Amino acid sequence: LHDIHIGDTGANALGRARSAVAKINQLVANKSINLQAVFITGDLTDHAMLDQYNTVRAVLNNLTIPYYPIIGNHDQWLYNSTWEDVAPVGDQLFAKTFEHILNQSNIINYPNGTVWNPLHSCQSWFQNYRIQIHNNIFIALDWNSRHHAAASLG
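Residue numbers for the sequence shown follow the UniProt record's numbering, so the first one is 1 and each next one is one higher.
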């Protein structure tokens, strides 16, 4: 599942996310496929606002199987039509919002500390982790630059 963009009202992001969760739950219930987890591959929010993080977490918590979020470029910089944060601190909100997942015993987080961001004069915390599900190992990498996200989806 990718590019949810909760907060993008023009694209009915919330309705699409709820529909996707319902479809995934239906597949799990019908045992149509052996689906054991869902990875959310970036852009969970549209503008990295706290209310968007809270909404996407509430929607994803309705999944009947585990989910693992991966931060995207739209999840970095908090802004709306009249305001923007002075630095890309969405990584901190991401970590706090999904700490109930990212602190599970089967997840190893890398690196375990902040990195100075000289361009924006702030600390950045890259959201990299490794997870083992049965005999499979998955690596979630934060490749985001911490620059402003483009105004369009993606």
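Positions of the beta carbon are idealized from the N, C-alpha and C atoms, including for glycine.
Note that the structure is predicted; figures quoted are calculated from it, not measured.
So, at 6 Å on beta carbons, what are the nonlocal neighbours of residue i in its own chain, with the 5 sequence-adjacent residues on each side left out?
i, result
"A87", "H120, C122"
"I139", "R130"
"G154", "Confidence at G154 is low in this model, with a pLDDT of 46, below 50, so its placement is unreliable and no value can be given for it."
"A17", "I4, V59"
"N109", "Y129"
"Q52", "I6, G7, T45"
Among the options, which one has its Cα closest to the Cα of residue i?
i, options, result
"V89", "R18, N61, H2, M49", "M49"
"I137", "T82, Y68, R57", "Y68"
"G72", "A22, N61, D91", "D91"
"R57", "P118, T9, F98", "F98"
Taking residue i and residue j to be in contact with their CB atoms under 8 Å, please state how far apart those CB atoms are, rounded to whole angstroms.
i, j, result
"H100", "G42", "Going by Cβ atoms, the distance from H100 to G42 rounds to 19 Å, so no, they are not a contact pair."
"V38", "I6", "Not really, about 16 Å apart at Cβ, beyond 8 Å."
"L27", "L35", "6 Å"
"N80", "H47", "6 Å"
Quick one: is residue i buried, meaning 16 or more other Cβ sit within 10 Å of its Cβ, or exposed?
i, result
"S152", "With a pLDDT of 49 at S152, under the threshold of 50, the modelled position of that residue is not reliable, and the figure given next carries that caveat. It counts as exposed."
"W116", "exposed"
"Q104", "exposed"
"I24", "buried"
"residue 157", "Coverage of the chain is limited to positions 1 through 154, which leaves residue 157 absent and any answer about it impossible."
Cutting at 8 Å between CB atoms, please list the residues of its own chain near residue i, excluding the five before and the five after it.
i, result
"A95", "L102, W125, Q127"
"N106", "I131, Q132, I133"
"A29", "T64"
So, at 7 Å on beta carbons, what are the nonlocal neighbours of residue i in its own chain, with the 5 sequence-adjacent residues on each side left out?
i, result
"A20", "L1"
"L93", "A48, L50, Y53"
Is there contact between the segment 141 to 148 and the segment 60 to 77, where contact requires at least three CB pairs shorter than 8 Å?
Taking a contact to require three or more Cβ pairs closer than 8 Å, the segment 141 to 148 and the segment 60 to 77 qualify as touching.
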